[in-house]
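Okay, so here's the structure we're looking at.
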Amino acid sequence: MKLFNKYLNELVEIHRDSDSFEVGYIIDLNDDFYLAIHLSDTGHYDGYCISNNRDVLYLNVNSQYLNNLQQVNREIPKLNLKANYESFYKLAYDTHRLVNIEVDNTLKWDFKGYIKEIDEDIVVFNAVDSYGNSDGEISCMKDMITGIEIDSLELIIIEDKLKDKVH
1 MKLFNKYLNE
11 LVEIHRDSDS
21 FEVGYIIDLN
31 DDFYLAIHLS
41 DTGHYDGYCI
51 SNNRDVLYLN
61 VNSQYLNNLQ
71 QVNREIPKLN
81 LKANYESFYK
91 LAYDTHRLVN
101 IEVDNTLKWD
111 FKGYIKEIDE
121 DIVVFNAVDS
131 YGNSDGEISC
141 MKDMITGIEI
151 DSLELIIIED
161 KLKDKVH
């Protein structure tokens with residue numbers, strides 16, 4: 001947590017493996033999780049994400065790449081989120097937002113869907129594929145979920161495809 005405290009609200013590269021990284025602002029944290037506003041590779045808003053602190057190998061700050069991204073003018077919506085999964089579940093459920101879910105520290109999004117039901121230990125999702133097609137129902141133990149993302153460009157594109165199917 002000391003690593004994160006030093007760079008709270010600063011633009012950072014978050015390295016969770018040696019091959020790739022996320023870019024964003026760490027805006028909240030606790031002993032277990034960090035909450036970040038993600039930016040795309042061109043510096044535009046790309047959603048909110050919560051992940052486990054222990055998954056982070058290192059943070060990079062003040063790189064030339066980050067300095068260039070600082071120049072991008074962006075609007076970031078303010079969402080009532082904290083560095084805990086319950087705030088994500090509640091927001092996604094109450095506002096019917098599509099989410100990406102990482103399970104068991106795979107370092108990739110394992111599935112996407114809408115939260116159908118939340119109980120003490122389990123979250124049930126109406127899964128969708130990358131084209132917005134219904135892809136069944138997924139029940140997942142809360143303690144197996146290691147990452148949640150909302151409002152990313154990928155998810156917004158899928159939601160737009162779903163709206164087009166309705167009209």
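If you're matching positions, the sequence shown starts at 1 in this note's numbering and goes up one per residue.
Built from N, CA and C at the ideal position, the CB exists for glycine as well.
Note to self: So, with DSSP's three-state summary, where would you put TYR89?
What the structure shows: Assignment of TYR89 by DSSP, reduced to helix, strand and coil, places it in the helix class.
Notebook entry, point to check: Using 8 Å as the Cβ pair cut-off and three pairs as the minimum, do the stretch 130-137 and the stretch 34-49 touch?
Noted result: no
Margin query: Among the candidates SER18, ASN73 and ILE156, whose CA atom is the shortest distance from the CA of THR42?
Written below: Taking only the C-alpha atoms, the option nearest THR42 is ASN73.
Notebook entry, point to check: Taking DSSP as the reference, what is the three-state secondary structure of LEU11?
Noted result: strand
Notebook entry, point to check: Are there 16 or more other CB atoms within 10 angstroms of the CB of GLU75, so buried, or fewer, so exposed?
Noted result: exposed
Notebook entry, point to check: Cα separation between VAL99 and ILE148?
Noted result: Distance from the CA atom of VAL99 to the CA atom of ILE148, rounded to whole angstroms, is 7 Å.
Check: In the stretch 60-87, which residue ranges form an unbroken alpha helix (DSSP H) of at least 4 residues, counting only runs that do not cross its ends?
Finding: 64-69, all fully within the stretch 60-87.
Checklist line | Residues bridged to MET144 [DSSP beta-bridge criterion] | finding: Answer is none; MET144 lacks a bridge partner.
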